[in-house]
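Engineer: Below you'll find the structure I mean.
Number of protein chains: 2
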Amino acid sequence: MTATAAPEHLDRTVDDVARRAQEAFDGLSRTAPGVRAAALRDAAATLADHADELVAIAQDETGLSEARLRGELKRTQVQLRLFAHVVADGTYLDVRLDEADPDFVLGPRPDLRRTLWPVGPVLNFAASNFPFAFSVAGGDTAAALTAGCPVIVKAHPGHPRLSERVAQLVAAALQAAGLPEFTLQLVTSQDEGVALVEHPAVRAAAFTGSQRVGQLLAARAAARPDPIPFFGELGSVNPVLVTEQALQERAGDLLAAYVASVSGSAGQLCTKPGFLLVPEGTEYDDAVVAAAAQVPEHRLLNPSIADGYARRVAEALAVDGVRVVHPGSSRHDDSGAGPGQTWVTPTFVAVPLDLLRRAGDALLDEVFGPFSVVVEYPEGADLAAVVAELFPGNLTLTLHLGEHEAAEAQAALLTHLARHAGRILLGGWPTGVAVTPAMQHGGPWPATTTDGTSVGTAAIGRFLRGVTFQDAPQELLPPPLRDDNPWGVPRTVAARGDSLGW
Amino acid sequence: MTATAAPEHLDRTVDDVARRAQEAFDGLSRTAPGVRAAALRDAAATLADHADELVAIAQDETGLSEARLRGELKRTQVQLRLFAHVVADGTYLDVRLDEADPDFVLGPRPDLRRTLWPVGPVLNFAASNFPFAFSVAGGDTAAALTAGCPVIVKAHPGHPRLSERVAQLVAAALQAAGLPEFTLQLVTSQDEGVALVEHPAVRAAAFTGSQRVGQLLAARAAARPDPIPFFGELGSVNPVLVTEQALQERAGDLLAAYVASVSGSAGQLCTKPGFLLVPEGTEYDDAVVAAAAQVPEHRLLNPSIADGYARRVAEALAVDGVRVVHPGSSRHDDSGAGPGQTWVTPTFVAVPLDLLRRAGDALLDEVFGPFSVVVEYPEGADLAAVVAELFPGNLTLTLHLGEHEAAEAQAALLTHLARHAGRILLGGWPTGVAVTPAMQHGGPWPATTTDGTSVGTAAIGRFLRGVTFQDAPQELLPPPLRDDNPWGVPRTVAARGDSLGW
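These protein sequence lines are chains A and B, in that order. For the first sequence, the UniProt record's numbering begins at 1 and goes up steadily by one. For the second sequence, the UniProt record's numbering begins at 1 and goes up steadily by one.
What follows is the structure, encoded as structure tokens:
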């Protein structure tokens with residue numbers, strides 16, 4: 001149980017937490033968009049006001065660099081403000097009004113008014129690798145609050161003090177801005193998280209983490225007497241496909257950028273390129289080694305991630321025929337208090353396509369950390385088929401073409417790639433996810449368990465459901481459905497007499 | 001295996017069916033909206049052209065009345081034409097364009113273009129009770145085709161000849177209109193249906209039927225190596241809540257309409273009101289008996305449904321304290337060929353609220369057929385709490401108020417009711433679902449397994465997923481994302497320099 005300064009948190013049970021979220025839902029679902037938007041902006045402002053303190057805690061707990069953490073904290077503020085924009089705009093409600101029509105083609109039509117509406121309390125399992133942007137006040141929380149759902153965050157054990165402090169600051173800011181008490185709550189133990197997935201008051205869960213834990217929690221959500229949606233982001237290897245021509249034009253830049261994308265934040269990113277597919281005969285060793293040798297040691301986030309990384313790298317290296325291009329270093333520092341820290345540099349290996357196919361999960365499963373595989377494909381290989389067979393579900397797929405190579409054949413290839421990832425990049429690198437309306441961060445399993453995006457404004461859709469009111473008097477309708485439209489939301493009207501295509 | 005006239009169907013395997021759907025997907029996802037819209041209208045036209053033949057087969061196979069079946073066939077045509085309108089309009093794609101922005105607040109932003117895109121082949125389990133509107137060319141099929149997904153229909157065994165004939169006619173119409181061969185396919189055996197839920201090429205499933213079968217299939221979909229969404233509509237009891245004042249004003253009309261809503265199509269509708277909640281002391285016996293006595297015998301759809309109905313009614317009547325208001329009749333006619341037909345009139349029973357609570361599933365579970373329970377609630381009962389406890393997940397909830405009773409208290413009640421159903425009616429009866437943009441036919445479990453609606457234009461959302469293209473050259477983008485917008489779809493643009501609330 002978390003120990004905050006607030007006395008009401010000290011002896012609460014999981015049931016108390018869920019009940020309080022349920023009570024907060026009553027008020028939160030009725031707050032005007034202006035109030036909710038202002039509260040989100042206030043939450044962003046309080047993070048900005050405490051940036052120095054928060055970044056210092058985060059550095060200590062995660063080993064991520066100050067520059068990275070300041071950037072991530074800014075991103076977290078941008079997310080909150082972007083959602084303030086979304087809630088004030090109201091398009092996300094997808095309001096549809098069908099006017100009553102006594103002459104409708106199928107017989108008299110009643111007055112029907114449909115809006116998307118918050119699902120209820122949302123449970124959000126925070127991630128290890130983004131202590132701000134995918135944690136207590138991160139994207140999932142911002143999306144759920146915007147939708148009108150109270151949020152219970154299960155803190156990640158990798159950054160407990162930061163989680164506690166952010167929860168205090170943001171919960172206070174939301175309440176001061178007029179949102180109900182307990183709109184945002186924090187729990188810290190695994191047992192609490194599991195119990196809450198099964199609690200009747202919790203209506204949806206979001207999760208960013210490992211495939212193993214995600215599948216266990218998803219199974220619990222599905223086995224409830226009343227199953228709830230479980231939006232899990234479970235893993236992605238983000239293959240980058242490079243053509244012969246692209247390499248001829250810019251091999252040097254491309255390989256240096258590859259190493260940088262694998263190494264940033266010690267490869268502890270869900271969009272790290274785990275595979276680079278190049279034509280057989282490509283010379284890449286020197287460029288990869290030269291770039292990798294320049295990468296300084298980086299601390300891994302926590303002992304659990306360090307253990308997992310060591311295990312997966314060992315598994316991959318044990319596959320017969322894997323060739324090491326650049327061996328990374330690993331150094332354990334137990335000079336401080338606690339379990340010590342692991343510092344690493346990136347490891348690159350290479351295999352022919354056939355070997356990758358034979359090796360199976362030992363190479364194909366995600367390695368969370370600065371490790372990547374160069375795959376040499378034979379001339380004429382059908383890259384669409386390779387992706388369908390070996391990389392069926394990803395957050396991203398990237399294709400590097402030569403300057404004048406974009407043509408009909410690639411258009412067909414893109415159509416196929418789009419079946420296996422949520423974001424298709426033409427050039428560039430998948431790390432560095434823009435937080436914008438058009439972002440898609442989610443893809444076929446195991447990238448995500450259920451369709452949806454956890455980055456960008458479309459993320460709100462996961463926490464809404466359709467509700468239609470039939471023949472309701474004005475005074476009983478939710479505000480976005482009233483004739484006078486007090487929230488000023490955009491609405492689509494099917495007018496009396498409109499044939500709708502009939 | 002289905003035996004159609006087309007020779008290529010004769011010796012196909014489940015894998016052939018899935019593979020053909022996958023191949024059709026290539027072409028179908030690229031068809032221009034105008035082509036898809038025309039094909040949907042042609043499908044509607046061919047149903048109209050063959051109305052006499054189709055209605056005659058349906059009458060024979062289901063026992064539903066000619067008037068009901070002609071109405072349902074017209075509804076099915078309207079659904080197809082309504083979706084032709086949707087695909088031509090293009091709003092459903094939710095296209096979002098973020099212009100590249102070197103000065104974006106979080107650092108240079110790439111060019112991002114997001115559209116919703118068809119998930120791939122969809123498996124649609126047809127329903128017993130709507131041989132047209134929730135079957136081969138019904139709402140789920142229309143929504144999936146509109147999205148650009150090939151459809152494999154698992155025919156319901158209750159109307160095999162009708163399913164076969166509709167599939168022939170509609171598949172031919174779609175192909176003649178320029179859609180790929182095998183855009184619509186039919187399978188008929190249960191084994192094929194189960195095998196297809198687990199086939200890698202199938203990317204989503206829709207189901208309308210019993211809770212038991214739906215849960216089995218949902219578990220299969222979830223247990224795949226790559227779980228797929230399963231949109232099941234599993235059951236609903238559609239409580240109708242009546243206030244003292246409503247009864248004082250119009251008890252006669254209200255009770256007669258209740259009996260009519262329970263009895264129409266022999267109660268074999270997913271929106272049949274299974275419970276009528278009235279204040280203790282209400283006199284309703286005479287009105288219910290008078291109306292019920294006028295209801296003619298109606299054939300139940302098939303022997304399996306007749307068996308289930310008899311079993312559930314017996315279970316309900318066996319509950320100690322249940323009072324029979326109007327005993328229905330049941331007559332088995334085995335004069336014809338085959339297993340015979342069961343003809344019934346409606347049964348109404350009554351219980352005090354406390355007894356309903358104690359009886360549990362024996363009374364609370366859906367009874368599929370013309371059976372309904374009048375529940376007497378004590379003065380001052382908290383109806384929101386009653387719904388939350390006893391009726392947590394429904395397609396519809398209906399509230400009958402007195403003329404001047406709409407007020408603040410009821411607004412709060414409605415907010416609570418909206419958590420437990422997809423459609424909230426103020427007056428009127430839940431049977432008779434309008435097919436329009438603002439309809440919601442889906443609700444909390446077990447009404448539906450996964451949020452979504454299976455009636456109305458929003459139904460298309462179940463068969464789409466978000467895909468974002470980053471920095472793609474014009475010639476490689478899907479048409480709705482190109483600068484020249486060849487499909488003319490509405491798009492939301494985040495312009496360079498737009499702060500998005502920052």
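Backbone N, C-alpha and C fix where the C-beta goes; we use that ideal spot for every residue, glycine too.
Whose C-beta lies closer than 6 Å to the C-beta of A/Gln79 among residues of the same chain, with five residues either side of it excluded?
Structural biologist: So the qualifying residues of the chain are Gly139, Ala142 and Val435.
Engineer: Can you give the beta carbon distance from B/Gln245 to B/Glu405, rounded, assuming they're within the 8 Å contact cut?
Structural biologist: Yes, B/Gln245 and B/Glu405 are in contact; Cβ-Cβ is about 5 Å, under 8 Å.
Engineer: Write down the C-beta distance between B/Ala18 and B/Pro121 rounded to the nearest angstrom, noting that I regard them as a contact closer than 8 Å.
Structural biologist: Correct: roughly 7 Å between the Cβ atoms.
Engineer: Are A/Leu397 and A/Leu241 touching if we call contact CB-CB under 9 Å?
Structural biologist: Against a cut-off of 9 Å, the Cβ pair of A/Leu241 and A/Leu397 comes out as a contact.
Engineer: Apart from the five residues on each side of it in sequence, which residues of its chain come closer than 8 Å, Cβ to Cβ, to B/Val202?
Structural biologist: Within the same chain, B/Val202 has close Cβ partners Ala18, Ala21, Gly120, Pro121, Val122, Leu123, Ile152, Leu196 and Ile228.
Engineer: Given a limit of 7 Å on CB to CB distance, which residues of the region 457-477 of chain B reach chain A?
Structural biologist: The residues in question are Ala458, Arg465, Gly466, Val467, Thr468, Phe469, Gln470, Asp471, Ala472, Pro473, Glu475 and Leu476.
Engineer: Using a Cβ-based criterion (distance less than 8 Å to any ligand heavy atom), does A/Gln470 qualify as near the ligand ZN?
Structural biologist: The ligand ZN is not among the ligands present in this structure, which contains no ligands whatsoever.
Engineer: Checking the sheet assignment: what are the DSSP bridge partners for B/Val373?
Structural biologist: Answer is B/Phe275 and B/Val349, bridged to B/Val373.
Engineer: Cα separation between B/Ala350 and A/Thr468?
Structural biologist: Those two C-alpha atoms are separated by around 30 Å.
Engineer: Output yes or no for whether 9 Å exceeds the beta carbon distance between B/Ala292 and B/Val367.
Structural biologist: Cβ distance not < 9 Å, so B/Ala292 and B/Val367 don't count as in contact.
Engineer: Using C-beta distances below 6 Å, list every residue in its chain close to A/Val324, excluding the 5 sequence neighbours before and after it, in chain order.
Structural biologist: Result list for A/Val324: Val349, in chain order.
Engineer: Would B/Ala172 and B/Thr342 qualify as a contact pair, given that the criterion is a beta-carbon distance under 9 Å?
Structural biologist: Taking 9 Å as the Cβ cut-off, B/Ala172 and B/Thr342 do not qualify as a contacting pair.
Engineer: Please list the partners that A/Pro437 has in chain B, where partner means a Cβ-to-Cβ separation under 7 Å.
Structural biologist: Going along chain B in sequence order, the residues near A/Pro437 (Cβ under 7 Å) are Arg96, Asp98, Thr492 and Ala494.
Engineer: Do A/Gly267 and A/Pro346 have their CB atoms nearer than 9 Å?
Structural biologist: In contact: A/Gly267 and A/Pro346 (Cβ atoms closer than 9 Å).
Engineer: Along the region 64-87 of chain A, what residues have a CB closer than 7 Å to any CB found in chain B?
Structural biologist: So the list reads Lys74, Arg75, Val78, Arg81, Leu82, Ala84 and His85, given in the order they occur along the chain.
Engineer: Ignore the nearest five residues each way along the sequence and tell me which others in A/Arg447's own chain have a CB closer than 8 Å to its CB.
Structural biologist: The residue asked about is misnamed: residue 447 of chain A is Ala in this sequence, not Arg. The answer, listed in chain order, is Glu233, Leu234, Gly235, Ser236, Gly393, Asn394, Leu395, Ala421 and Gly422.
Engineer: Tell me the rounded alpha-carbon separation between A/Ala6 and A/Leu145.
Structural biologist: Any reading at A/Ala6 must be qualified, since the residue scores a pLDDT of 41, below 50, and its modelled position is unreliable; no value is offered.
Engineer: Have a look at B/Leu82, B/Gly193 and B/Gly442 and flag the residue whose alpha-carbon is nearest the alpha-carbon of B/Asp13.
Structural biologist: According to the sequence shown, residue 13 of chain B is Thr rather than Asp. For the residues B/Leu82, B/Gly193 and B/Gly442, the minimum Cα distance to B/Thr13 belongs to B/Gly193.
Engineer: Going by DSSP, what residue range makes up the beta strand (DSSP E) through A/Asp98?
Structural biologist: Element bounds for A/Asp98: Val95 to Asp98.
Engineer: At the 9 Å Cβ level, is A/Asp451 part of the contact set with chain B, yes or no?
Structural biologist: Yes, its Cβ sits closer than 9 Å to a Cβ of chain B.
Engineer: Taking 9 Å as the threshold (C-beta atoms), are B/Pro279 and B/Glu376 in contact?
Structural biologist: Yes, the pair counts as a contact, with Cβ atoms nearer than the cut-off.
Engineer: Verify the CB distance criterion: does B/Ile152 have a CB-CB separation below 9 Å to chain A?
Structural biologist: Not one chain A Cβ lies under 9 Å of B/Ile152.
Engineer: In chain A, which residues lie with their C-beta within 8 Å of the C-beta of B/Pro392?
Structural biologist: Residues of chain A passing the Cβ test: Asp226.
Engineer: Would you call B/His332 buried or exposed, if buried means 16 or more other Cβ atoms sit within 10 Å of its Cβ?
Structural biologist: The residue in question, B/His332, is exposed, as its Cβ has fewer than 16 Cβ neighbours within 10 Å.
Engineer: Rounded C-beta distance between A/Val288 and A/Val313? I'm assuming under 8 Å.
Structural biologist: Actually they do not touch by this definition, with Cβ atoms about 16 Å apart.
Engineer: Can you pull the DSSP bridge partners for B/Phe207?
Structural biologist: BP columns for B/Phe207 point to B/Phe125 and B/Gly232.
Engineer: Hey, how far is the Cα of A/His9 from the Cα of B/Ala495?
Structural biologist: Note on A/His9: pLDDT 49, under 50, position unreliable in the model; the coordinate value appears next. Rounded to the nearest angstrom, the two C-alpha atoms are 45 Å apart.
Engineer: How should A/Ala407 be labelled, buried or exposed, when 16 other C-beta atoms within 10 angstroms of its C-beta is the threshold for buried?
Structural biologist: Its Cβ having fewer than 16 others within 10 Å, A/Ala407 is exposed.
Engineer: List the residues of chain A whose Cβ lies closer than 9 Å to the Cβ of B/Gln410, in chain order.
Structural biologist: Chain A residues near B/Gln410: Pro473, Glu475 and Leu476.
Engineer: Give me, in chain order, the residues of the same chain whose beta-carbon lies closer than 7 Å to that of B/Gly264; leave out the 5 immediate sequence neighbours on both sides.
Structural biologist: Excluding sequence neighbours, B/Gly264 sits near Thr431.
Engineer: Would B/Arg212 be called buried (16 or more neighbouring beta carbons within 10 Å of its own) or exposed?
Structural biologist: Per the 10 Å Cβ criterion, exposed.
Engineer: Should B/Ala3 be labelled buried (16 or more other beta-carbon atoms within 10 Å of its own) or exposed?
Structural biologist: The predicted position of B/Ala3 is uncertain, since its pLDDT is 36 and thus under 50; a value taken from the coordinates is nonetheless stated next. Answer is exposed; the Cβ neighbour count stays below 16.
Engineer: Going by C-alpha to C-alpha distance, which of B/Glu249, B/Val493 and B/Leu179 sits closest to B/Leu40?
Structural biologist: Closest option to B/Leu40, Cα to Cα, is B/Leu179.
Engineer: Quick one: is B/Pro486 buried, meaning 16 or more other Cβ sit within 10 Å of its Cβ, or exposed?
Structural biologist: Counting Cβ neighbours within 10 Å, B/Pro486 comes out exposed, since fewer than 16 surround it.
Engineer: For B/Gly422, which residues in chain A fall below 8 Å Cβ to Cβ?
Structural biologist: Per Cβ cutoff of 8 Å: Arg465, Gly466, Val467 and Thr468.
Engineer: Classify A/Arg311 as buried or exposed, calling it buried when 16 or more other Cβ atoms lie within 10 Å of its own Cβ.
Structural biologist: A/Arg311 comes out exposed.
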